[in-house]
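Notes follow the structure.
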Amino acid sequence: MESTGSGRPPRAQHEAQERADRIRLLQQELAQPELLEVLTLTPEQSHRFHDWAQTQLRLLANDFDVDTNASQKRASWGMRIASTLGAFAICTAVVLFFLHFWGYLATVWQVSIVMLLPLVMLGGAEFAFRRERTLYFTGLLALVSFASFVMNLAVLGDIFNIVSTERALLAWGAFAMILAYRYGLRLMLAIGLLLLMSYAAAVWTAQLGYRWIDFSDRPELNAMVAALTFCVPLRISSRHSDFPAVYRLVGSIVFFTCLLYLAESGAASFLPLSSRNVERVYEAVGLVTSACGIWLGIRRQWNGLVNVSAAFFVIFLYSRLYHWWWDWMPKYLFFAAIGAIGILLVLLFRSARGRVLKGAGA
Amino acid sequence: MKRASLVVAAVLIVIANSVALIHAWRNRSGKATSDLILTDRELPLVYSSEDDSAVGLTLSWRASNDTGIDSWLNVARLRALGFDTSVSPSSADAPEFYRRERPRRAFVALEYNGPAWEKARAFISKQVSNSRDGIVREPDWDKFSRLVVIDADLDSARLRTDHPDTAHVLIVPAVIGIAADRFDYLPEGHRPAPTLSGFIREIPSSVHVPLPFSEELRARVRRNGSVRYNVRLRYGASFEPWIVGFDFTPDDPAHLR
Numbered sequence: 015m016e017s018t019g020s021g022r023p024p025r026a027q028h029e030a031q032e033r034a035d036r037i038r039l040l041q042q043e044l045a046q047p048e049l050l051e052v053l054t055l056t057p058e059q060s061h062r063f064h065d066w067a068q069t070q071l072r073l074l075a076n077d078f079d080v081d082t083n084a085s086q087k088r089a090s091w092g093m094r095i096a097s098t099l100g101a102f103a104i105c106t107a108v109v110l111f112f113l114h115f116w117g118y119l120a121t122v123w124q125v126s127i128v129m130l131l132p133l134v135m136l137g138g139a140e141f142a143f144r145r146e147r148t149l150y151f152t153g154l155l156a157l158v159s160f161a162s163f164v165m166n167l168a169v170l171g172d173i174f175n176i177v178s179t180e181r182a183l184l185a186w187g188a189f190a191m192i193l194a195y196r197y198g199l200r201l202m203l204a205i206g207l208l209l210l211m212s213y214a215a216a217v218w219t220a221q222l223g224y225r226w227i228d229f230s231d232r233p234e235l236n237a238m239v240a241a242l243t244f245c246v247p248l249r250i251s252s253r254h255s256d257f258p259a260v261y262r263l264v265g266s267i268v269f270f271t272c273l274l275y276l277a278e279s280g281a282a283s284f285l286p287l288s289s290r291n292v293e294r295v296y297e298a299v300g301l302v303t304s305a306c307g308i309w310l311g312i313r314r315q316w317n318g319l320v321n322v323s324a325a326f327f328v329i330f331l332y333s334r335l336y337h338w339w340w341d342w343m344p345k346y347l348f349f350a351a352i353g354a355i356g357i358l359l360v361l362l363f364r365s366a367r368g369r370v371l372k373g374a375g376a
Numbered sequence: 002m003k004r005a006s007l008v009v010a011a012v013l014i015v016i017a018n019s020v021a022l023i024h025a026w027r028n029r030s031g032k033a034t035s036d037l038i039l040t041d042r043e044l045p046l047v048y049s050s051e052d053d054s055a056v057g058l059t060l061s062w063r064a065s066n067d068t069g070i071d072s073w074l075n076v077a078r079l080r081a082l083g084f085d086t087s088v089s090p091s092s093a094d095a096p097e098f099y100r101r102e103r104p105r106r107a108f109v110a111l112e113y114n115g116p117a118w119e120k121a122r123a124f125i126s127k128q129v130s131n132s133r134d135g136i137v138r139e140p141d142w143d144k145f146s147r148l149v150v151i152d153a154d155l156d157s158a159r160l161r162t163d164h165p166d167t168a169h170v171l172i173v174p175a176v177i178g179i180a181a182d183r184f185d186y187l188p189e190g191h192r193p194a195p196t197l198s199g200f201i202r203e204i205p206s207s208v209h210v211p212l213p214f215s216e217e218l219r220a221r222v223r224r225n226g227s228v229r230y231n232v233r234l235r236y237g238a239s240f241e242p243w244i245v246g247f248d249f250t251p252d253d254p255a256h257l258r
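Quick mapping for you: the protein sequence lines, in order, are chains F and H.
Position 343 (the first sequence) corresponds to 357 in the numbering used here; numbering is contiguous.
Position 231 (the second sequence) corresponds to 232 in the numbering used here; numbering is contiguous.
Here you go:
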């Protein structure tokens, strides 16, 4: 197997898919009339390239089950959406099925069933993992195993009237992370990160003497944990090359959401300022950090970060404009001003894009 | 090594379950912190949906004057519970300051069918007799819970020392909030002095009914539509309850003792 663009063979399905896409695009470009005017392959070269491309695509398909043409890609997207929706539906069915019958069972049977279910589903996920390359069924069964584990601890809490604590978040988060890293599942990773971030904030909240579940009432705690989550891939590397993007996505979305919450509701802040001043501070912080996120994402080619930061920049900006203008400005003028600012942003982004292209050309 | 993470995942499930079961066992072994007989007034049935076959009760309680604001939760008590009460309630900063004070965890004492209940009943009756044109009517007392919150502390042991009767006073964890009332909703000249007071925001109330009690309860509800009962409820070392006995002769709970 020849190496990827990074100089090594693909180790994961998404790397193999990127390589297959590049080979397919190269095949299409070499057939373009404009290219034939500047680069002409001899018949022998053309034949050898065609053979090489077909061999590479066949090997990638055999080893990683990648899509080798546009139709297959569309079908794969459909399978991915169907398997995710199917997984959520199966999780719901398992939980509702248990709830429908558990009241008729003795305690020992209730406890046994909820304990065994996640273990059985974990076994099923492992069985599927060893037999398929595309991870559709592995992902489905892993999600069902996770949902079963959530139900497991929730039901035990109900049966024995245990006062809820934040420790369940730690168990669930750790389980989701193990599933994510074992099977290379990004959805599980996102779920695990959200749970562990919630646990960190909840522990801190409980230590301060408050109800642990009120951790979401203190967005600054959550924002700090989110910022740490964003930075994790900078210090820890993983064999799953698509995981750092998930850390950044989850960290940035939670971080900006917390800032947005504080920009709207300053009473939730630890800062010794009035609510109004807190809101102003966090509006400014939100605008500056989202702009920095756009810059960083462009510089590092982190598309997810650029998209998230751009979306929140617009939300922060429009939110500020709403607070300034909505009450006194005629509504038609307000929306015209918003539209004009939107056009200005498009021009600014286009100018920034042009500078980047120039820099790349030089 | 290839299976290490699989083993870790399985072990995590086992450990989490073990921790929960050991916690439940430790709560139920040893001396009970409270042991009392309550009725369907204090532990009404929770009606689940068709999708949930479990049977549960909920602990129903009331504040001492039924307005949700307990007068015994005064400034000194709130300070002892960890609240910052440095801003005077008459200060212009008070509403914002106390809005930012988050509810705190503590323990509360709930008295069953004692002087606090008589006082609460008298308070409500007075409101009925003071109301014009019968706007506030005499309630159906048979549906009122006789569990009344009478005290709060950060230390459950100190609370039990102050209220040693385990057969009539429950000690349970709770969440307590603080509020500053400047009575801005009353016309000028009719406003009392601004006050700072506490309120019980939450007490864990859910009680699972295991077999065979749940089967009997379900059958009676299906037959008669409603049911009266007594429940012997015990609270363990972790202040978590479980049902020890169930009885459907509401006027004679003697054999539950």
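Cβ coordinates follow ideal geometry from the N, Cα and C atoms, glycine included.
Fill in: Beta carbon of Leu113 (chain F) nearer than 9 angstroms to that of Ser130 (chain H)
no
Practice prompt. Answer yes if the region 208-223 of chain H comes into contact with the region 112-132 of chain H, meaning at least three C-beta pairs across the two stretches below 8 angstroms, and no otherwise.
Written response: no
Discussion item. Here's the rule: buried if 16 or more other CB atoms are within 10 angstroms of the residue's CB, otherwise exposed. What is Gly356 (chain F)?
Written reply: exposed
Fill in: 7 angstroms CB neighbourhood of Phe349 (chain F) in its chain, flanking five on each side removed
none
Worksheet item: His114 (chain F) versus chain H: which residues are under 9 angstroms apart at the beta carbon?
Response: Glu51, Asp52, Asp53, Ser54
Worksheet item: Taking the alpha carbon of Ile244 (chain H) as the point to measure from, which residue in H:Ala220, H:Pro211, H:Ser19 has its own alpha carbon closest?
Response: It is H:Pro211.
Item to complete: Taking a Cβ distance cut-off of 7 angstroms, strictly less, list which residues of the region 114-133 of chain F are near chain H, in chain order.
Response: His114, Phe115, Trp116, Gly117, Tyr118, Ala120, Thr121, Met129, Pro132, Leu133
Worksheet entry | Coarse secondary structure for Met15 (chain F), derived from DSSP in three states | Residue confidence is low: Met15 (chain F) scores 40 on pLDDT, short of 50, so the model does not pin down where it sits. Its coordinate-derived value is still stated next. Coil at Met15 (chain F), not helix or strand.
Discussion item. Measuring straight from C-alpha to C-alpha, what distance separates Phe102 (chain F) and Ser159 (chain F)?
Written reply: 11 angstroms
Worksheet item: So, does the CB of Ala21 (chain H) fall closer than 9 angstroms to a CB anywhere in chain F?
Response: It does: the Cβ of Ala21 (chain H) has a partner Cβ on chain F nearer than 9 angstroms.
Practice prompt. Closer than 7 angstroms by C-beta to Ala220 (chain F): which residues in its own chain qualify, once you throw out the five before and the five after it? Chain order, please.
Written response: Glu180, Trp226
Worksheet item: DSSP beta-bridge partners for His209 (chain H)?
Response: H:Gly57
Discussion item. At a threshold of 8 angstroms, does Trp186 (chain F) count as lining the ligand HEM (C-beta to nearest heavy atom)?
Written reply: By its list of ligands, the structure shown contains no ligand whatsoever, and the ligand HEM lies outside what it can speak to.
Discussion item. With the cut-off set at 9 angstroms, would you say Asn166 (chain F) and Ile23 (chain H) are in Cβ contact?
Written reply: no
Worksheet item: Based on Cα-Cα distance, which residue from H:Gln128, H:Glu203, H:Leu148 lies nearest to Glu139 (chain H)?
Response: H:Gln128
Item to complete: At 3 residues or longer, and completely inside the region 210-253 of chain H: list those beta strand (DSSP E) runs for me, N to C.
Response: If you keep only unbroken beta strand (DSSP E) runs of at least 3 residues inside the region 210-253 of chain H, you get 231-236, 242-248.
Worksheet item: So, helix, strand or coil for Gly115 (chain H), using DSSP?
Response: coil
Worksheet item: At a Cβ threshold of 9 angstroms, is Glu140 (chain F) touching chain C?
Response: The structure shown contains no chain C; the protein chains it does contain are F and H.
Item to complete: Could you spell out the range, first to last residue, of the beta strand (DSSP E) harbouring Phe200 (chain H)?
Response: 196-203
Practice prompt. Count the other C-beta atoms from every protein chain shown that fall within 10 angstroms of the C-beta of Arg62 (chain F), then say buried if there are 16 or more, exposed otherwise.
Written response: exposed
Worksheet item: On the three-state DSSP scale, how would you describe Val177 (chain F)?
Response: coil
Practice prompt. Throw me the rounded Cβ distance for the His209 (chain H) and Asp172 (chain F) pair, which I believe falls under 8 angstroms.
Written response: 6 angstroms
Worksheet item: Can you give the Cα-Cα distance for Tyr261 (chain F) and Asp36 (chain H), rounded to whole angstroms?
Response: 50 angstroms
Item to complete: Would you identify the three-state DSSP class for Thr143 (chain H), choosing helix, strand or coil?
Response: Looking at the sequence provided, one finds Asp at residue 143 (chain H) rather than Thr. Helix, per DSSP.
Worksheet item: Could you give the distance in angstroms between the alpha-carbon of Leu235 (chain F) and the alpha-carbon of Trp218 (chain F)?
Response: 8 angstroms
Discussion item. Is there a Cβ of chain F sitting closer than 9 angstroms to that of Pro242 (chain H), yes or no?
Written reply: Yes - at least one Cβ of chain F is within 9 angstroms of the one on Pro242 (chain H).
Item to complete: Rank F:Ile176, F:Thr54, F:Val80, F:Val52 by C-alpha distance to the C-alpha of Arg36 (chain F) and give the top, closest one.
Response: F:Val80
Item to complete: Can you give me the start and stop residues for the beta strand (DSSP E) that Leu39 (chain H) sits inside?
Response: 35-40
Practice prompt. Determine the closest residue to Gly246 (chain H) out of H:Arg27, H:Leu39, H:Ile125, with distance taken between C-alpha atoms.
Written response: Ranking the options by Cα distance to Gly246 (chain H), first place goes to H:Leu39.
Item to complete: Please list, in chain order, all residues of the same chain as Leu82 (chain H) whose beta carbon is under 7 angstroms from its beta carbon, the five residues on each side excluded.
Response: Arg105, Ala107, Ala153, Leu155, Ile177
Worksheet item: Of the residues that make up the region 173-196 of chain F, which ones have a beta carbon closer than 7 angstroms to any beta carbon in chain H?
Response: Flagged, chain order: Ile173, Phe174, Asn175, Ile176, Val177, Ala185, Ala188, Phe189, Ile192, Leu193, Tyr195, Arg196.
Worksheet entry | Nearest neighbour of Thr59 (chain H), chosen from H:Arg221, H:Leu187, H:Arg42, H:Arg29 [CA to CA] | If we check each option's Cα against that of Thr59 (chain H), H:Arg42 comes out closest.
Worksheet item: Between which two residues does the alpha helix (DSSP H) harbouring Pro247 (chain F) extend?
Response: Where Pro247 (chain F) is concerned, the enclosing alpha helix (DSSP H) stretches over 233-249.
Practice prompt. Output yes or no for whether 9 angstroms exceeds the beta carbon distance between Ala156 (chain F) and Met135 (chain F).
Written response: Closer than 9 angstroms, so yes.
Worksheet entry | Integer Cβ distance of Val177 (chain F) from Pro242 (chain H), believed to fall under 8 angstroms | No, Val177 (chain F) and Pro242 (chain H) are not in contact; Cβ-Cβ is about 10 angstroms, not under 8 angstroms.
Practice prompt. May I ask you to list the residues that DSSP assigns as paired with Tyr224 (chain F)?
Written response: H:Arg105
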